[in-house]
Amino acid sequence: MSPNRRTLIVRNILTLGMTVALCAWSKQIPVHTGWQVGGSINITLAATLLCGFLAAELLSHIGIPKITGYILAGVVAGPHVSQFLDFGTVAKLQLINEVALSFIALHAGAALDRALLSGRTRALVLNLALQSLLVPLLVFGAIMITAPLFAFTAQITQPQLLALALLSAIIAIARSPSSAMAIITECRARGPFTETALGITVAMDVLVIILFTGAMAAIAPLLGGSETKGWHQAGILGIELAGSLTVGALLGFAIRTFYKRVGKDHVLFLLFIAFTVTRLSELTGHQLSALAELHLTLEPLLICITAGFVVRNTTPFGEELEEDLMRISLPIYVLFFSVAGASLDLAALAACWPLALILAGSRAAGLALSSWAAGRMAGLPETECRVGWMAHLTQAGVAIGLTQIIAREDPTTAAYLTTLTLAVITLNQFIGPVAFKRALILTGEEGQDRR
Amino acid sequence: MSIFITLFTILFFALLGYHLVYRNPGGRFHLSGAAFLLVGYLLGPDLLGILDEKTATELTPLSGLVTGWVGLMYGLQLDLPFMKRLTPPFLLSVCLDTGLTLLMFLGGTFVLFPLLGPEYTLSLALTIAATAACSSQAALVMASPRLKPTRSATALMRIATAGSLISLCIFASAFFFSSPSPSADGLSMEIRTDLPTILMATAVLVVLYTLFFSERRRREEMILIVTGMVVLTSGLAASHHFPPLLANGITGFFLGNTTRYRDRILSMVIILEKPLYLLLLILLGARHIPLSSALLGTAALYLLLRSLAKMGGGFLISLLHTDIVLPKSSGTGLLEQGGLALAICFDAQNAFANPVTHNLVTAILLATLVSDLTGRLTWGDLVPVREKKP
Chain A
4 MSPNRRTLIV RNILTLGMTV ALCAWSKQIP VHTGWQVGGS INITLAATLL
54 CGFLAAELLS HIGIPKITGY ILAGVVAGPH VSQFLDFGTV AKLQLINEVA
104 LSFIALHAGA ALDRALLSGR TRALVLNLAL QSLLVPLLVF GAIMITAPLF
154 AFTAQITQPQ LLALALLSAI IAIARSPSSA MAIITECRAR GPFTETALGI
204 TVAMDVLVII LFTGAMAAIA PLLGGSETKG WHQAGILGIE LAGSLTVGAL
254 LGFAIRTFYK RVGKDHVLFL LFIAFTVTRL SELTGHQLSA LAELHLTLEP
304 LLICITAGFV VRNTTPFGEE LEEDLMRISL PIYVLFFSVA GASLDLAALA
354 ACWPLALILA GSRAAGLALS SWAAGRMAGL PETECRVGWM AHLTQAGVAI
404 GLTQIIARED PTTAAYLTTL TLAVITLNQF IGPVAFKRAL ILTGEEGQDR
454 R
Chain B
109 MSIFITLFTI LFFALLGYHL VYRNPGGRFH LSGAAFLLVG YLLGPDLLGI
159 LDEKTATELT PLSGLVTGWV GLMYGLQLDL PFMKRLTPPF LLSVCLDTGL
209 TLLMFLGGTF VLFPLLGPEY TLSLALTIAA TAACSSQAAL VMASPRLKPT
259 RSATALMRIA TAGSLISLCI FASAFFFSSP SPSADGLSME IRTDLPTILM
309 ATAVLVVLYT LFFSERRRRE EMILIVTGMV VLTSGLAASH HFPPLLANGI
359 TGFFLGNTTR YRDRILSMVI ILEKPLYLLL LILLGARHIP LSSALLGTAA
409 LYLLLRSLAK MGGGFLISLL HTDIVLPKSS GTGLLEQGGL ALAICFDAQN
459 AFANPVTHNL VTAILLATLV SDLTGRLTWG DLVPVREKKP
C-alpha cells in the first residue's frame, strides 16, 4: 500500500471517528421543543450522509462498491444495530427518501439511450422472455420442495404454500433500477453491456407488474376470494401501469418544454418534479380511495423512468438532463441507500434465512441460466454471456410494493410473503452491487463514460 | 379532477416564475426572487395543500439546509480583505443606515409590544428590527445596467453587506434572551444560550471541514460534503436553541479566515445557491395566511417604518459619506430586503414557534413583496444616471 493511500485511509478513519463522536455527543442533548426535535433529525440525516460517504470510501479500498458501503453504514446506524437511526426517525425520513427514489428513477430513464440499445433488441427481448420464464420456474420449484422442511413455513396450508410459491416466483424477477443506476454512475460505466443491463432492469420492473397482475387473478380463489375479484384487482393494476406510463410520457414532454424555454437552473426544477410526482401519486391514491373505494395509485418510479426515457430518446435535451441529474446525484444516492440500509429488515432475515438463501440461490441460478442462453442465442460476446446474470441480482422497490397488494387480499399469506421477500431483498442488496461492479470490470465497460 | 388542475397549475407557475425572474435580468420591471413566496403560498395549506403542515414537518432537514446555506455563504464572504475595506467613513455610513433602522424599529416595538401582551417578547422585537435592517446586495446588481454595478451601487452593496452583519448580531442577541417557553414578563433579559458550547462545536466543525477538504475531491463529492456539514451544523444549532443561519455564518466566517479552503468551499456553495434560495422562499411562502385588518395594518406599519428608515438613512449617507458621492435618494437602493432577511424570518418562525411569530412573519413577508416590487420601480437605474464621479 502506498504512503499516500495509507494517509488517505488514516485521514478518512479520523474524520469518520470525529463525525461519529460529534453526532453521538449531540444525541445526549435534552430535547424540549419541536425545533429541537427537527435539529435532532437534521443531525441524524447529516450523520447518515457523511458517515455513509466515509464508510463507502473506506470500503472502496478493498474493492467493495460504494453503494454497499452506504447500505452497510445504514445498517450499522439503523434500528437493528446501533439505533442511532431508530424506527421513528427512519419513518420521518420516508418522504425525502421517496423523493430521492423518484429522482433516481428519472436518472435511470435518462440514462437509457435507445441508440446504444438499437443493435441489442434481440438480446433484450430474449433476456426478458427467458428470465421471466426460467427464474420464476426455478424459484417456484425450490419453494414447493423445500418450504415444508423449515419451521418458518411448516404451519402453512397447501393452498397458501402454492400462493406463496407462485407470488414469490413472480416477485423474484423484480429488479432495482435505483441500485443498477447507482452502480453505473459510481463506475462511470458506458457501453452496450451497461445499456442492455439497464434496459432489462427497467423493462423487467414493468413486466413484473403485468405478470403479477395475471398471477393475482389466477390465485384469487386460493386466497379465499373469487376469480372475479382477482380480475378486478388485475384490472386496477393494469390501469395503474397504463396511467403511470401515460403520466410519465406527458411529464417527459413537460420537461422538454421547460428545457427548451428556460436555459439554466434546471436542478431546482428537477427536484421539484421529483417531489411533485411523489406527492401527487400519494394524493391521487388517497383521493381515489376516498371517492370510489378504489386502491389505485400511480407508481412514481414508473412515471419518472418513463419521463426520463422520453426526454432522452425523443428530444435533443437527453444529454443535458443526464448531466444535470448527475451533478447532484451523489448526495441523493448516499441518502437513499443509507436510509435503505437502515430500513432493511434484519429481523425478517433472522426469521427465515435458510429459506431466503435457497430462494436467492435459485433466483441467481435462474438468472445465470437465462442470461447465458439468451446471450448465446443473440450472439453476444462470450464474456457477456458468462457474467450477464451478475448485473441482475439487486432487488427492491417494486417487489416490496407488490407484497403490500397481497396484504389487502390475504394478510396471512402476505405476512409470510413479506418476511420472505424482505429477507431475500436484504441478501440481494448486499451481494447484487458487488456482483454488478465485478461484471462491469470484466466486460471492460467500467470507466468508459468520460463525459 | 382537482389533482390534474393542481399539476398543471404548478407547472404553469414554475415556468412563469422562472421567466419573470430570469428572462430579463437588469430590466426595470422584472420581479425579484420574492415572487417565489407566491409559488410557496400556492403550494401551501390555503390553496393546493401539497406543502401542508405534515409535509413541512417531514421536510425539516431541508429547512436546516436552506437557511444554513445562506448563512455559510454570508460567513464565507466576510473574509479579511473585505474587512480591510471597511474605512471609517464607510463604517459611519453603515452605522447611519442600519443604526437608524434598528433605532426606529426597536423604539417602535418597545412602545407597542408591552401594550399587546406578554407573547410579544424582546426576542421578537429584536428579530423584527434585525429583519428590517437587512438590505439586498443582489438587487443592486440586478438593477444595474447590464448587471455591472457602478461605483455608487458598489458602495451601497458594501454598506448593505456590512449592515447585514450588524443585523445578524442583533438577531443572535434575540436568542441570548429567549427560552423555548416565554416568561410572563416578555421584555425581561436573561442570557440563556450556552455560548461556550456553541463556539466549541464550531471549532470542531471547522476541523471537520478541514479534514474533508484537505484532499482533492470531485465536485459531486464536495457538494455532498458541504450539504452534509451544513445540515449537521444546522442540526447542532437547533438542538442548542440557536439559529442555523447564524451557526453556519459563524462557521463560514472561521473557515474563510482560518483555513485555505475558503475559495473551494465558496465555489461549491455558489453552485446550489440559487436553487436553495428559491426553495427557502417556497418553504417560507407555504403558510396559512389569516387575512385580517390587523395583519394588513402590521404589514403596512412595517413597510412605512422601514421605508422611512431606509430613505432617511440613505439621505444621511449622501451627506456624510466621503469615499464617493452618493445621490440623496440612495435609500431607494436599500429598500429591497434580500435573502438574509427572509432567512432570519425562517429561523425565527421555527425558533419562536407560536401564532404571534407566525402573524408577524406573515406581515413581514407581505411587506417584503411590496418593498421588493416598489424597490425595483423606484430604483431601476436611478443612481447610475445621477452618479457624479469625483
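Protein sequences, first through last, are from chains A and B.
Note that our numbering numbers the first sequence so that position 205 is 208, with each residue one more than the last.
Note that our numbering numbers the second sequence so that position 98 is 206, with each residue one more than the last.
By construction, the Cβ of each residue, glycine as well, lies at the ideal position given by its N, Cα and C atoms.
If you're wondering where the values come from, they're calculated on a predicted model, not measured in any experiment.
- Query: Is it right to say E385 of chain A is buried, meaning 16 or more other beta carbons lie within 10 angstroms of its own, or is it exposed?
  - Reply: exposed
- Query: Listed in chain order, which residues of the stretch 91–108 of chain A have Cβ atoms closer than 7 Å to some Cβ of chain B?
  - Reply: K95, L98, I99
- Query: Between which two residues does the alpha helix (DSSP H) containing A393 of chain A stretch?
  - Reply: In the sequence as presented, Ala is not what sits at residue 393 of chain A; that position holds Met. Note, M393 of chain A: premise wrong, no alpha helix (DSSP H); not H, not E.
- Message: Suppose the cutoff is 6 Å on Cβ atoms and the five residues either side in sequence are ignored; what does the same chain contact list for P288 of chain B look like?
- Response: Here the model assigns P288 of chain B a pLDDT of 48, short of 50, so the residue's position is not dependable and the matter cannot be decided.
- Under 8 Å Cβ to Cβ from A451 of chain B, same chain only, skipping five residues before and after it: list those, please. V174, T175, V178, G179, L353, L388
- Query: Near L88 of chain A, which residues of its chain fall below 7 Å by C-beta distance, leaving aside the five closest residues on each side in sequence?
  - Reply: T47, T51, A80, G81, P82, A345
- How is E243 of chain A classed by DSSP in three states: helix, strand or coil? helix
- Task: Evaluate Q185 of chain B with the Cβ neighbour count: other Cβ atoms within 10 Å of its Cβ, from every protein chain shown; 16 or more gives buried, anything less gives exposed.
- Result: buried
- Would you mind sorting D371 of chain B into buried or exposed? The rule is 16 or more other CB atoms within 10 Å of its CB. exposed
- Partner residues on chain A for T206 of chain B, Cβ-Cβ distance less than 9 Å: Residues of chain A passing the Cβ test: none, with the nearest at roughly 28 Å.
- Any Cβ of chain B within less than 8 Å of the Cβ of S179 of chain A? no
- Query: What runs of the alpha helix (DSSP H), each 4 residues or longer, lie entirely inside the stretch 388–449 of chain B?
  - Reply: 401–428
- From the beta carbon of V202 of chain B, is the nearest beta carbon of chain A less than 8 Å away? no
- Query: Among residues of its own chain, excluding the 5 on either side of M419 of chain B, which ones have a beta-carbon nearer than 6 Å to its beta-carbon?
  - Reply: G439
- Query: Beta carbon of F90 of chain A, beta carbon of L273 of chain A: below 8 Å?
  - Reply: no
- Task: Note the first and the last residue of the continuous alpha helix (DSSP H) segment covering D327 of chain A.
- Result: 321–330
- Query: Quick one: Cα of M297 of chain B to Cα of F221 of chain B, how far?
  - Reply: Below a pLDDT of 50, predicted positions are generally treated as unreliable, and M297 of chain B, at 43, falls in that range; the measurement from the model is reported next regardless. Spanning the two alpha carbons is a distance of roughly 15 Å.
- Query: Which residue's Cα is closest to the Cα of T422 of chain A: A:V437, A:T281, A:I174?
  - Reply: A:I174
- Could you please give the first and the last residue of the uninterrupted alpha helix (DSSP H) stretch that includes Y369 of chain B? It is not in any alpha helix (DSSP H) - Y369 of chain B carries neither H nor E in the DSSP assignment.
- Message: Please classify W38 of chain A as buried or exposed, where buried requires at least 16 other C-beta atoms within 10 Å of its C-beta.
- Response: buried
- Stretch-stretch touch, CB-based, cutoff 8 Å, three pairs: the stretch 442–461 of chain B with the stretch 210–220 of chain B: no
- Alpha-carbon to alpha-carbon, V34 of chain A and A237 of chain B: 29 Å
- Message: Residues in the same chain with beta-carbon distance under 8 Å from I278 of chain B, minus the five sequence neighbours each way, listed in chain order, please.
- Response: L210, L234, A237, A238, A241
- Message: I need the straight-line Cα distance from A408 of chain B to V84 of chain A, nearest angstrom please.
- Response: 56 Å
- Message: Which residues in chain A have a C-beta closer than 8 Å to the C-beta of T163 of chain B? List them in chain order.
- Response: L98, R282
- In this structure, does DSSP put S289 of chain B in helix, strand or coil? Residue confidence is low: S289 of chain B scores 47 on pLDDT, short of 50, so the model does not pin down where it sits. Its coordinate-derived value is still stated next. In this structure, S289 of chain B counts as coil in the three-state DSSP scheme.
- Amino acids of chain A, ordered along the chain, whose beta-carbon sits closer than 7 Å to that of P169 of chain B: I44, N45, L48, I99
- If you follow the alpha helix (DSSP H) that L208 of chain B is part of, which residue opens it and which one closes it? 196–224
- Query: So with Cβ pairs under 8 Å, would you call F320 of chain B a contact of chain A?
  - Reply: yes
- Item | V377 of chain B versus A371 of chain A: straight-line alpha-carbon distance, rounded | 46 Å
- Item | Boundaries (first-last residue) of the alpha helix (DSSP H) holding H110 of chain A | 97–114
- Task: Taking C-beta pairs closer than 7 Å, name the residues in chain A that A346 of chain B reaches, listed in chain order.
- Result: W38, Q39, G41, G42, N45
- Message: Please list, in chain order, the chain B residues whose beta carbon lies closer than 8 Å to that of I32 of chain A.
- Response: S347, H348
- What does F56 of chain A reach in chain B if we use C-beta pairs closer than 9 Å? E329, L332, I333, G336
- Message: Would you say N356 of chain B lies against chain A (beta-carbon separation less than 8 Å)?
- Response: no
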